[in-house]
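J.:
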Amino acid sequence: MNPASSMRGLLAMLFAMACFITNDTLIKIAVADFPVGEVLAIRSVFAALLLTALIVWNGEFAFVRQALDKRIMLRSGLDAGTTFAYVMGLAVLPIATSTTIYMAAPLITTALCVPLLGEKVGPKRWCAIVIGFMGAVIVTRPEPSTFNAMAILPFISAICGSVRDIGTRSISNAVPGSVVALASAVMLGFVGLVFSAWEPWAMPSFKMLALVLGAGTAFAIGNLALIHAFRNAPVAVISPLRYALVPGALFSSIVVFGVYPDAWASVGTILVVGAGLYSIQSEARRSRADRRAARAAASASGTLPAGAPLAGAVARAPQND
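Position 54 of the sequence shown, counting from 1, maps to 54 under the UniProt record's numbering, and the rest follow consecutively.
As structure tokens, then:
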């Protein structure tokens with residue numbers, strides 16, 4: 001990839017993270033006055049309408065029936081669980097706390113790849129996983145006097161998100177991403193409606209609708225920017241930028257909600273972000289070494305000129321991202 005393309009990818013990734021923080025901020029404001037189930041149900045309706053329009057625009061409507069595939073349905077259920085648990089936690093926790101705990105998800109994915117996919121994880125990356133978990137635990141403040149049980153929800157969200165990401169690998173690339181996203185939006189809307197049966201349904205105000213519409217739009221644009229980023233820049237370069245969510249959430253917490261992190265939360269955040277960045281870079285180094293070994297083996301066998309790239313080779317995405 002040329003430098004100009006990589007720069008576009010970097011800017012798109014940062015823009016995507018800004019969109020996701022905007023989504024979280026608007027949703028947190030909305031759920032302060034309205035039930036979580038209602039907010040998620042309405043946002044899912046907006047998202048489903050946007051995605052349906054995109055599918056029709058791209059001429060992909062024939063693929064919609066594949067949304068009923070059991071693998072896509074399973075992914076949709078996990079995605080709904082991820083979002084629902086995260087927003088439930090976001091409703092009562094500082095946005096910086098929720099985001100930091102959830103950012104343990106890449107480390108959880110790395111750990112789950114061992115039993116679920118049979119992949120190997122070296123001792124250094126296991127150390128990074130343990131340190132990252134310790135950081136997330138520190139952020140939750142598990143002492144009886146300060147512990148908030150709702151801090152478990154971002155952990156549950158991170159686990160569901162990790163299993164979802166691993167399961168996504170089994171879905172055929174022939175299925176458009178917009179169709180997979182539509183299935184998730186419909187599933188989340190259903191979960192929101194079911195949960196709202198245990199909550200008093202409030203008449204949506206103009207403010208609430210504006211917040212939810214803004215959140216849904218920011219989330220949709222963020223996903224499009226994310227796709228653009230991964231198509232224009234090397235994975236190893238832009239994956240660490242996922243952790244831009246943490247300072248973004250900290251900025252939102254201070255500026256929008258007036259909540260400052262304490263010393264323990266700051267230490268935990270540093271451990272989570274540091275462990276995540278190390279794990280991503282470690283996997284990137286291993287991927288480069290694998291590609292060099294493959295080129296050397298092909299060159300030695302006489303099937304490839306020395307120094308030539310492998311035909312059709314692509315950079316492997318970090319398995320913990």
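Virtual Cβ for every residue (Gly too), placed ideally from N, Cα, C.
Straight-line CA distance for residue 192 to residue 292?
T.: Going from the Cα of residue 192 to the Cα of residue 292 covers about 48 Å.
J.: If you follow the alpha helix (DSSP H) that residue 15 is in, where does it begin and where does it stop?
T.: Per DSSP, residue 15 belongs to the alpha helix (DSSP H) from 3-31.
J.: Using a threshold of 8 Å, state whether the C-beta atoms of residue 181 and residue 51 are closer than that.
T.: For residue 181 and residue 51, yes; Cβs fall inside 8 Å.
J.: Report, in whole angstroms, the separation of the C-beta atoms of residue 89 and residue 157, which I expect to be a contact under 8 Å.
T.: That pair is a contact at about 7 Å.
J.: Hey, could you find the ends of the alpha helix (DSSP H) residue 232 is sitting in?
T.: Looking at the DSSP string, the run of the alpha helix (DSSP H) that includes residue 232 is 206-232.
J.: Taking 8 Å as the limit between beta carbons, can you name the residues of its chain near residue 201, skipping five residues before and five after?
T.: Contacts found: 35, 38.
J.: Does DSSP put residue 124 in a helix, in a strand, or in coil?
T.: Correct three-state label for residue 124: helix.
J.: Whether or not the segment 183-198 and the segment 75-89 are in contact is what I'm after, with contact meaning three or more pairs of Cβ atoms, one per stretch, closer than 8 Å; do they touch?
T.: Result yes; three or more Cβ-Cβ pairs closer than 8 Å.
J.: Roughly how many whole angstroms lie between the Cα atoms of residue 300 and residue 46?
T.: The alpha-carbon atoms of residue 300 and residue 46 are separated by roughly 56 Å.
J.: Report the rounded CA-to-CA distance for residue 120 versus residue 282, giving the unit in angstroms.
T.: Their Cα atoms are separated by approximately 13 Å.
J.: Taking only the alpha-carbon atoms, compute the straight-line gap between residue 152 and residue 294 and give it to the nearest angstrom.
T.: Rounded to whole angstroms, residue 152 to residue 294 spans 43 Å at the Cα level.
J.: State the Cα-Cα distance for the pair residue 5 and residue 250, rounded to the nearest angstrom.
T.: Cα to Cα, residue 5 sits roughly 30 Å from residue 250.
J.: Provide the residue span of the alpha helix (DSSP H) that contains residue 88, from first to last.
T.: Unbroken alpha helix (DSSP H) run through residue 88: 70-92.
J.: So, using beta-carbon positions, are residue 94 and residue 257 closer together than 8 Å?
T.: Yes, they are a contact pair.
J.: Alpha carbon to alpha carbon, how far is residue 288 from residue 231? Give it in angstroms, no decimals.
T.: If I take the Cα positions, the gap works out to 19 Å.
J.: Between the Cα of residue 43 and the Cα atoms of 242, 277, 220, 274, which residue gives the shortest distance?
T.: Comparing Cα-Cα distances from residue 43 to each of 242, 277, 220, 274, the minimum goes to 220.
J.: Relative to the C-alpha of residue 286, which candidate in 11, 233, 122, 241 has its C-alpha closest?
T.: Checking every option, the nearest Cα to that of residue 286 belongs to 122.
J.: With a threshold of 16 other CB atoms inside 10 Å of the CB of residue 9, please say whether the residue is buried or exposed.
T.: Residue 9 comes out buried.
J.: I'd like to check one pair, residue 72 with residue 183: are the Cβ atoms closer than 8 Å?
T.: Closer than 8 Å, so yes.
J.: Write down the C-beta distance between residue 273 and residue 246 rounded to the nearest angstrom, noting that I regard them as a contact closer than 8 Å.
T.: Sure, about 6 Å apart at Cβ, within 8 Å.
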